[in-house]
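Novice: Residue numbers (my numbering): 3 to 143.
Every residue, glycine too, gets a C-beta built ideally from N, C-alpha and C.
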């Protein structure tokens with residue numbers, strides 16, 4: 003999957019580390035910015051737990067590069083424009099937007115262990131305080 007920093011993301015490249023994949027609806031929106039900033043702030047604490055963080059949405063790589071640069075995120079963002087990862091993790095849900103039903107990403111986070119096995123999922127996430135919730139989970143498991 004395309005990643006910021008002109009890289010390609012592959013889960014197998016991270017065997018031996020835990021991965022936090024947080025799916026969010028859209029770059030540069032208030033909740034998504036809050037969530038990204040909180041993960042960024044706690045990044046070094048996640049690193050101490052041998053965890054790599056990745057944000058993922060349907061936005062383009064160009065949009066991701068701008069979002070990452072604007073807020074100085076120290077983790078990469080993955081571009082899932084064709085919704086492959088979204089489908090795999092079942093995060094596309096029907097939402098109400100201004101009275102219309104639309105399909106969009108339901109804010110969700112997944113923790114994958116050192117062997118590439120999914121060990122935790124957080125669904126219907128509220129952005130504020132979520133990064134700390136994930137860090138606490140990792141420290142306790």
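Drop a sphere of 10 angstroms on the beta-carbon of residue 53, count the other beta-carbons inside from all chains shown, and report buried for 16 or more, exposed for fewer.
Specialist: buried
Novice: Measuring alpha carbon to alpha carbon, tell me which of 39, 141, 60 ends up nearest residue 113.
Specialist: 141
Novice: Just reading off the alpha helix (DSSP H) that residue 142 is part of, what are its end residues?
Specialist: 132-142
Novice: For residue 82, count the other beta carbons within 10 Å of its own beta carbon; 16 or more makes it buried, fewer makes it exposed. Which is it?
Specialist: buried
Novice: How long is the line joining the alpha carbons of residue 143 and residue 136, rounded to whole angstroms?
Specialist: 11 Å
Novice: Taking 8 Å as the threshold (C-beta atoms), are residue 40 and residue 122 in contact?
Specialist: no
Novice: How should residue 110 be labelled, buried or exposed, when 16 other C-beta atoms within 10 angstroms of its C-beta is the threshold for buried?
Specialist: buried
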